[in-house]
Every structure is written in C-alpha cells, then in structure tokens.
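Just so we're aligned: the sequence shown equals residues 35 to 201 in my numbering.
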Amino acid sequence: MAKILFHSSVWILILSLVLVSNSGLLAKIAKAKKSLQMVVELANCKVRSRTVSLPNPWEKKEFELQVKESILADCKNEDGSIYKFLIEEESFLNETKAYERFPRIQEIPPDLKRKYGERAAAKHPEFQFRTGFLRYNKVCILSAFIPISDEELEKWKLKLEKEIQQQ
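Below, the structure written as structure tokens:
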C-alpha cells in the first residue's frame with residue numbers, strides 16, 4: 035500500500051512539473067488565439083482550421099522559433115472569387131531571430147527536401163507563392179496553394195498587416 039502511494043505521489047509530482055513547465059506555452063497559445071484568428075476574420079476571411087504547434091528541429095535550431103500558429107482560411111475577393119490561404123505567425127525568442135528568419139520564408143525546409151528531392155517545390159507550391167512581414171519578434175507569413183499574381187498576394191498581405199497594426 036505504501037509503495038502504491040509513493041508511486042502515485044511521484045506521478046503527481048511529475049505531472050505538476052510538466053504542467054508548470056508548459057504554462058508559458060499555454061499562455062502563448064491562449065494569447066495567439068485572440069490575436070491572429072481575430073485579425074484573419076477582420077480581413078474578411080473565414081477560418082477553416084487553426085493549429086498552434088511547437089517548432090520542428092530545423093526551425094528550433096536555425097531560428098530559435100518558440101511557437102507557430104497556422105490558420106487555413108478562405109478569403110473572399112472583391113470580384114467574389116475565393117482564395118485559400120495559409121496564414122502563419124511565427125514567434126521567436128527575440129526580434130533579431132525574427133529578422134534572421136524573414137528573408138528565408140520561401141525556403142523549403144530540409145526535411146521536405148530530403149523527402150521529395152527535386153520534386154519538393156512541386157509537392158509544396160505554397161513556398162513559391164509566399165510573402166510576409168515582420169512585427170516585433172514575429173514573422174507573419176501568407177501562403178497561397180495555387181498560382182497567384184504577386185500583386186494579388188501583396189494586396190492580401192497589406193490587408194492582413196493593416197489589421198494586425200490596428201490591434
């Protein structure tokens with residue numbers, strides 16, 4: 035009986051430590067939900083899905099990425115056409131790391147290059163049709179899954195950037 039109580043106490047202690055160590059992440063996730071999703075909706079887009087994830091090993095090592103929020107959204111154009119965009123907000127340790135990441139937003143990650151080789155760009159066209167902007171320690175990225183003109187992509191980027199600056 036004493037052995038069972040000891041093991042239970044150890045597991046409760048371990049669980050408590052895990053929850054305390056992740057409380058910063060939970061706070062970041064809650065804050066992200068309020069900001070990016072609201073901005074996307076204010077830009078006249080319908081949110082289809084939203085995920086918040088920890089960085090993959092490459093993002094963590096290269097840029098010290100802390101957390102990434104991704105939103106898949108349908109955005110209605112003035113002419114009634116609908117664009118499907120992936121809108122990501124990457125949060126970094128500091129502004130310097132965000133500035134290091136920004137010029138490389140069209141870079142295909144090494145794991146996709148290894149998996150698909152020369153076909154990586156064809157398998158993941160969103161890296162070719164991508165733009166973004168910096169805001170403090172965050173990089174906001176707008177990706178299209180189908181060919182889109184630079185002007186149209188830039189228009190949507192500016193729309194999102196304007197909404198974010200008003201928050």
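C-beta: ideal position from N, C-alpha, C; glycine also.
Would you list the residues sitting across from residue 84 in a DSSP beta bridge?
The residue given as residue 84 occupies position 50 in the sequence shown. In the DSSP output, where bridge partners are listed per residue, residue 84 has 105.
Count the other CB atoms, across all protein chains shown, that sit within 10 Å of the CB of residue 100; report buried if there are 16 or more and exposed otherwise.
The residue given as residue 100 occupies position 66 in the sequence shown. That one is buried.
Can you tell me which of 191, 90, 83 and 79 puts its alpha carbon nearest to the alpha carbon of residue 146?
For the purposes of this step, residue 146 is identified with residue 112 of the sequence shown, where counting begins at 1. Checked all of 191, 90, 83 and 79; the closest Cα to residue 146 is 90.
Going by the DSSP bridge assignment, what does residue 173 pair with across the sheet?
In the sequence shown, the residue the question calls residue 173 occupies position 139. In DSSP, residue 173 forms a bridge with 124 and 168.
Is the stretch 69 to 83 close to the stretch 188 to 196, with three or more CB pairs under 8 Å?
Flag = yes, the stretch 69 to 83 and the stretch 188 to 196 touch.
Rounded to the nearest angstrom, what separates residue 103 and residue 130 at their Cα positions?
For the purposes of this step, residue 103 is taken as the residue at position 69 of the sequence shown. For the purposes of this step, residue 130 is taken as the residue at position 96 of the sequence shown. Their Cα atoms are separated by approximately 20 Å.
What's the gap between the Cα of residue 46 and the Cα of residue 86?
The residue you call residue 46 lines up with position 12 of the sequence shown. The residue you call residue 86 lines up with position 52 of the sequence shown. Reliability fails at residue 46, whose pLDDT of 41 lies under 50, so the model's placement of it is uncertain and the value that follows must be treated cautiously. When rounded, the distance between both Cα atoms is 27 Å.
Span of the alpha helix (DSSP H) holding residue 184?
Start at 1 with the first residue of the sequence shown, and residue 184 comes out as number 150. That run of the alpha helix (DSSP H) goes 184 to 199.
Taking just the CA atoms, how far does residue 120 sit from residue 84?
Within the sequence shown, the letter at position 50 stands for residue 84. Within the sequence shown, the letter at position 86 stands for residue 120. So the two alpha carbons sit approximately 10 Å from each other.
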